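Engineer: According to our numbering, the sequence shown is numbered sequentially starting from 158.
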Amino acid sequence: MSKRIAVYPGSFDPITNGHMDIVERGLEIFDEIVIAVARNSEKKSLFTIEERLHLIAEAHCNDPRVKVDTFDGLLVDYVVNQGARVILRGLRAVSDFEYEFQIAQMNHKLRREVETLFLMTSVPYGYLSSSIVKEVACLNGPVETLVPPIVRAALAEKCRKMKEE
Ligand code: ADP
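#1: How long is the line joining the alpha carbons of CYS316 and GLU215, rounded to whole angstroms?
#2: With DSSP run on the structure shown, which of helix, strand or coil describes TYR284?
#3: Where do the N-terminal and C-terminal ends of the beta strand (DSSP E) with MET277 fall, by residue?
#4: Determine the extent of the beta strand (DSSP E) in which PRO166 is found, giving its start and end residues.
#5: Grab the span of the beta strand (DSSP E) containing ASP226 for me, first residue to last.
#6: If we count the other Cβ atoms within 10 Å of its Cβ and call it buried at 16 or more, is LYS291 buried or exposed?
#7: If contact is defined by three or more beta carbon pairs under 8 Å, each pair taking one atom from either stretch, is the stretch 240 to 254 in contact with the stretch 264 to 277?
#8: Tell me whether VAL304 sits in a helix, a strand or coil according to DSSP, three-state version.
#9: Confirm the yes/no value for this check: CB of THR278, any heavy atom of the ligand ADP, distance under 8 Å.
#10: Helix or strand or just coil, what does DSSP make of GLU207?
#11: Can you find a heavy atom of the ligand ADP that lies under 8 Å from the Cβ of LEU285?
#12: Could you give the C-beta distance for ILE162 and GLU199, rounded to a whole number, given that I count them as a contact under 8 Å?
#13: On the DSSP letters alone, give me the boundaries of the alpha helix (DSSP H) that ALA261 sits inside.
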C-alpha cells in the first residue's frame with residue numbers, strides 16, 4: 158500500500174505547541190507529514206525561512222515521519238508533486254473559518270483530487286498563535302508552555318537583538 162502523506166502548510170513564524178499538536182494528531186491518520194513553510198507568504202516575518210526550518214526540524218527531534226520543506230507557487234501543485242492528496246490545516250476560533258473556507262474551496266477548484274482536512278485545535282491551544290507568542294516573548298512574558306524549548310531560546314535571542322537595534 159502506498160504511503161498516506163499529508164502536507165501541513167503555513168508560515169510557522171515560529172512553530173508553536175499548537176502546530177506540534179496538529180502534527181502529532183495528524184500522524185495518527187497519516188504515515189508521513191510534510192511541514193511546508195510558505196516562501197511567498199505576505200505576512201511580515203520575525204524569523205527567516207532558514208531559521209524557521211531549523212526550529213521545526215529541531216522541535217520534531219528528527220522523527221522520520223515528519224519532513225520539513227519550503228514551497229512557493231501554488232500549494233496544490235506542490236502537494237501533488239509530493240505524492241500527497243491531502244492538505245492538513247488547524248482550526249481555532251470561528252475567525253479562522255472564513256479564510257480557511259475560501260482557501261480550501263479555491264484549492265479544490267484548482268485540483269479536484271486534493272482535499273483539505275481540518276483538525277480542531279486542542280483545548281489548551283485554542284488561543285495560541287505565532288503572533289501572540291512573539292508579542293508575549295518580546296515583552297519578556299513566559300512562553301515555556303506555548304512553544305518547544307528551542308523556540309523559546311530563539312525568541313529570547315531575537316527579541317534581545319531587536320531591542321539592541
Ligand atoms: P498561516 O499563515 O498559513 O495561517 P500559521 O503558521 O499561522 O500559517 O498556521 C498554520 C496552520 O496551523 C493554520 O491552519 C492554522 O490555523 C494552524 N494553527 C496555528 N496555530 C494553531 C493552534 N494553536 N491550534 C490549531 N491549529 C493552529
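Beta carbons: idealized from backbone N, C-alpha and C, even for Gly. A quick note: this is a predicted structure, and the numbers were derived from the prediction, not measured.
Structural biologist: So, from the listed chains and residues:
#1: As a working note, residue 316 is residue 159 in the sequence shown. As a working note, residue 215 is residue 58 in the sequence shown. Looking at the two C-alpha atoms, the distance is approximately 20 Å.
#2: Position 127 of the sequence shown holds residue 284. It is coil, neither helix nor strand.
#3: Position 120 of the sequence shown, counted from the start, is the residue given in the question as residue 277. Counting along the chain, the beta strand (DSSP E) containing MET277 begins and ends at 272 to 277.
#4: Working through the sequence shown from its first residue, we reach residue 166 at position 9. PRO166 -> beta strand (DSSP E) spans 162 to 167.
#5: Looking up residue 226 in the sequence shown gives position 69. Looking at the DSSP string, the run of the beta strand (DSSP E) that includes ASP226 is 223 to 228.
#6: Counted from its first residue, the sequence shown places residue 291 at position 134. Buried, since its Cβ has 16 or more Cβ neighbours within 10 Å.
#7: yes
#8: Stepping through the sequence shown from its first residue, residue 304 is reached at position 147. Look at VAL304 here: in three-state DSSP terms it is coil, with no helix or strand label.
#9: The residue you call residue 278 lines up with position 121 of the sequence shown. Within the cutoff, so yes.
#10: Taking the sequence shown and counting its residues from 1, the one referred to as residue 207 is at position 50. Correct three-state label for GLU207: helix.
#11: Translated into positions along the sequence shown, residue 285 becomes position 128. Flag set: Cβ of LEU285 near the ligand ADP.
#12: As a position in the sequence shown, residue 162 is number 5, starting the count at 1. As a position in the sequence shown, residue 199 is number 42, starting the count at 1. In fact, because the Cβ distance is near 27 Å, the residues do not count as touching under 8 Å.
#13: Position 104 of the sequence shown, counted from the start, is the residue given in the question as residue 261. 251 to 267 is the extent of the alpha helix (DSSP H) around ALA261.
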